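Asker: Residue numbers (my numbering), protein chains in the order written: chain A, -7 to 229; chain B, -7 to 229. Think of the CB as a built atom: it goes at the ideal place given N, C-alpha and C, for glycine as much as any other residue. All of these numbers come straight from a predicted model, not from anything done at the bench. Let me begin by handing over the structure; questions about it come next.
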DNA sequence: CGGTAGATTGACCAAGCTCAACTCACGTGG
DNA sequence: CCACGTGAGTTGAGCTTGGTCAATCTACCG
């Protein structure tokens, strides 16, 4: 019954049984991907909508110089490309971090579902607005926060998202992101990320090893990051 | 008769007369704002959709430390908040740069228009996707480009947008952004922006003084910035 | 037991920031 | 018509954050 995508959308709208069935139908046949596989590459013509049901992925772009910038992390329940189908081609790539289970929703199936179930359309719309807020918060971090603030901020963001989708017990979560990936998300080098993580550990705010994150002192982490949860829109209409 | 907003949307869809009339009706009574006036403040409950018909504005957020990060520039024809109405409150502010003429579209008028004119909905949707691509490009710049690349990239982006909406003759445009505003958009200080602009002028790529920008050597500027026009989606389906 | 990917460390370097002064264009009141 | 005020642009000197390069360590795996 259900999956993380459906659970997430249920946080944005009350669905009746026919809507739940429609959502289950379109996500019934996920495909398994290995770790570090590109789901979509920049320049591809837009295909079906992808929905990550299990595992982690990220949107990224590589520059001519070969450096990479990650623009968003996709956690279980997140959709890749609700609407990119309207554009001529992808302007970035998407790659898995871990092994992942990804559902594929064809464009016509998606259009039909949205047309016949407006509440689903609304919920997906809200999900996208939240994603956009996250993009803007990322810009703020990259532009105006120091590296320790950036790292703390990202950790908090991911943690709050994990809590919201039930992937955390409230103080611990799996964080399967190598330091090089964190670096490419935060516009830093992995060397520097490493030093900052040590600083955060020393400060007693977090524990992090072998892919397990433990928020030891949420208040301290929040303080360090200057975090403002508003952009995640916890309070929805 | 139209206005810059309608002109822009016409680039994304072919409208019939009734659609054009609908668009004209909702933008028929713009309001005039002075320079440096907040149109919307963070925390406000979402109001009507705002459409900038003339003048420049930007989205921004100020941090606890008092620094400011600008996340997007709004040029004539750009809409502020197509859908933010679904969320509980604004997660950023919007301020004019120059004097501006801004149309206000009430939520119900907007909903009715979108419902009865699907091509308008599609066009506005595409406009939003392009904006999102611009957000992502901004992230790439802030994360992985050097300061001169960032400045060159922003100038090119604004220039191409100006060309597209007919605000440039192909080599010259008004660029009414003080260096401090450029700095807050690019995550730099105005001192450093100043030095970089001098470097760009010295290199012969641009001329910029008193709010007038002249692209003297587009190829050089493109080369410096590592610009890839793909994200602006010049080729639309 | 070697092999590999990721994490860690140290020494050095440089892009970009801070602070503070100064200039320039422009608008205002006398 | 000119002195003055103001906001933006410009410059210089010194410093800090975070990058570079290269070596080392560690966990895990076939």
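Strictly under 9 Å for the Cβ-Cβ distance: is residue 59 of chain B near chain A by that measure?
Answerer: Chain A, which has a Cβ nearer than 9 Å to the Cβ of residue 59 of chain B, makes this yes.
Asker: Do you know offhand how far residue 160 of chain B's Cα is from residue 167 of chain B's?
Answerer: The straight-line gap from Cα to Cα measures roughly 10 Å.
Asker: Beta carbons nearer than 9 Å to chain A: which residues of the region 105 to 122 of chain B have them?
Answerer: Going along the region 105 to 122 of chain B in chain order, one finds 114, 117, 118, 120, 121 and 122 with a Cβ nearer than 9 Å to chain A.
Asker: Can you look up residue 28 of chain B in the DSSP assignment and give me helix, strand or coil?
Answerer: Coil at residue 28 of chain B, not helix or strand.
Asker: Given a cut-off of 9 Å on the beta-carbon distance, is the pair residue 63 of chain B and residue 130 of chain B in contact?
Answerer: In contact: residue 63 of chain B and residue 130 of chain B (Cβ atoms closer than 9 Å).
Asker: Can you tell me which residues form a DSSP beta bridge with residue 160 of chain A?
Answerer: DSSP, once it has assigned bridges, lists A:165 as partnering residue 160 of chain A.
Asker: Residue 66 of chain A bridges to which residues according to DSSP?
Answerer: Partner(s): A:49.
Asker: What in chain A is Cβ-close to residue 204 of chain B, meaning under 7 Å?
Answerer: Within 7 Å Cβ-Cβ: nothing; residue 204 of chain B doesn't reach chain A, min ~26 Å.
Asker: On the CB-based measure, 16 or more other CB atoms within 10 Å of its CB, does residue 190 of chain A come out buried or exposed?
Answerer: Answer is exposed; the Cβ neighbour count stays below 16.
Asker: Near residue 60 of chain B, which residues of its chain fall below 6 Å by C-beta distance, leaving aside the five closest residues on each side in sequence?
Answerer: Same-chain partners within the cutoff: 52, 54 and 176.
Asker: Does any C-beta atom of chain B lie closer than 9 Å to the C-beta of residue 179 of chain A?
Answerer: Yes, residue 179 of chain A counts as interfacial toward chain B.
Asker: Just by C-beta distance, which residues in the region 122 to 153 of chain B are closer than 7 Å to chain A?
Answerer: Going along the region 122 to 153 of chain B in chain order, one finds 124, 125, 127, 128, 130, 131, 132, 134, 135 and 136 with a Cβ nearer than 7 Å to chain A.
Asker: How is residue 173 of chain A classed by DSSP in three states: helix, strand or coil?
Answerer: Correct three-state label for residue 173 of chain A: helix.
Asker: Beta-carbon of residue 84 of chain B versus every beta-carbon of chain A: anything under 9 Å?
Answerer: For residue 84 of chain B, the answer is yes, since a Cβ of chain A falls inside 9 Å of its Cβ.
Asker: Would residue 157 of chain B pass as a contact of residue 192 of chain B if the rule is Cβ separation under 9 Å?
Answerer: Not closer than 9 Å, so no.
Asker: In whole angstroms, what is the alpha-carbon distance linking residue 137 of chain A and residue 135 of chain B?
Answerer: So the alpha carbons of these two residues sit roughly 12 Å apart.
Asker: When the Cα atoms are used, what is the spatial distance from residue 91 of chain A to residue 206 of chain B?
Answerer: Taking the straight line from one Cα to the other gives about 50 Å.
Asker: Beta carbon of residue 43 of chain B, beta carbon of residue 70 of chain B: below 9 Å?
Answerer: In contact: residue 43 of chain B and residue 70 of chain B (Cβ atoms closer than 9 Å).
Asker: For residue -5 of chain A and residue 24 of chain B, I'd like the C-alpha separation in whole angstroms.
Answerer: If you take the alpha carbons of residue -5 of chain A and residue 24 of chain B, they lie about 49 Å apart.
Asker: If you draw a straight line from the C-alpha of residue 8 of chain A to the C-alpha of residue 15 of chain A, how long is it?
Answerer: Spanning the two alpha carbons is a distance of roughly 11 Å.
Asker: Examine chain A for any beta-carbon lying closer than 9 Å to the beta-carbon of residue 75 of chain B, and answer yes or no.
Answerer: So yes, residue 75 of chain B belongs to the interface.
Asker: Would residue 11 of chain B be called buried (16 or more neighbouring beta carbons within 10 Å of its own) or exposed?
Answerer: Label assigned to residue 11 of chain B: buried.
Asker: Measure how close the beta-carbons of residue 111 of chain A and residue 20 of chain A come, nearest whole angstrom, since I'm counting them as under 8 Å.
Answerer: Not confirmed; about 20 Å, so no contact.
Asker: Can a CB atom of chain B be found closer than 9 Å to the CB of residue 33 of chain A?
Answerer: So, not an interface residue.
Asker: What residue range does the beta strand (DSSP E) around residue 199 of chain B cover?
Answerer: Counting along the chain, the beta strand (DSSP E) containing residue 199 of chain B begins and ends at 198 to 201.
Asker: In or out: residue 104 of chain B buried (at least 16 other Cβ within 10 Å) or exposed?
Answerer: With fewer than 16 other Cβ atoms within 10 Å, it is exposed.
Asker: With H, G and I counted as helix, E and B as strand and the rest as coil, what does DSSP make of residue 129 of chain A?
Answerer: Of the three classes helix, strand and coil, the one that applies to residue 129 of chain A here is helix, per DSSP.
Asker: Which class does residue 5 of chain B belong to by DSSP, given the choice of helix, strand or coil?
Answerer: In the structure shown, residue 5 of chain B sits in coil (DSSP, three-state: anything other than H, G, I, E or B).
Asker: Using a Cβ-based criterion (distance less than 8 Å to any ligand heavy atom), does residue 158 of chain B qualify as near the ligand NAD?
Answerer: The model on display carries no ligand, and the ligand NAD is accordingly not part of it.
Asker: Could you name the residues of the same chain whose beta carbon sits closer than 6 Å to that of residue 72 of chain B, not counting the 5 residues immediately before and after it, in chain order?
Answerer: Taken in chain order, the residues that qualify are 42 and 86.
Asker: Below 9 Å between beta carbons: does that hold for residue 121 of chain A and residue 113 of chain A?
Answerer: Contact flag unset, no.
Asker: What would DSSP say about residue 20 of chain B, mapped onto helix, strand or coil?
Answerer: Residue 20 of chain B: coil per DSSP, three-state reduction.
Asker: Below 7 Å CB to CB, which residues in the same chain sit around residue 208 of chain A once its five sequence neighbours on both sides are set aside?
Answerer: Cβ within range, chain order: 196, 197, 198 and 199.
Asker: Against chain B, with Cβ distances strictly below 9 Å, would residue 56 of chain A count as a contact?
Answerer: True, the Cβ-Cβ gap to chain B drops below 9 Å.
Asker: State the start and end residues of the unbroken beta strand (DSSP E) segment that holds residue 183 of chain B.
Answerer: Here residue 183 of chain B belongs to no beta strand (DSSP E); instead the alpha helix (DSSP H) covers 182 to 194.
Asker: If we cut at 9 Å on Cβ distances, does residue 79 of chain B have a partner in chain A?
Answerer: With 9 Å as the cut-off, residue 79 of chain B counts as an interface residue toward chain A.
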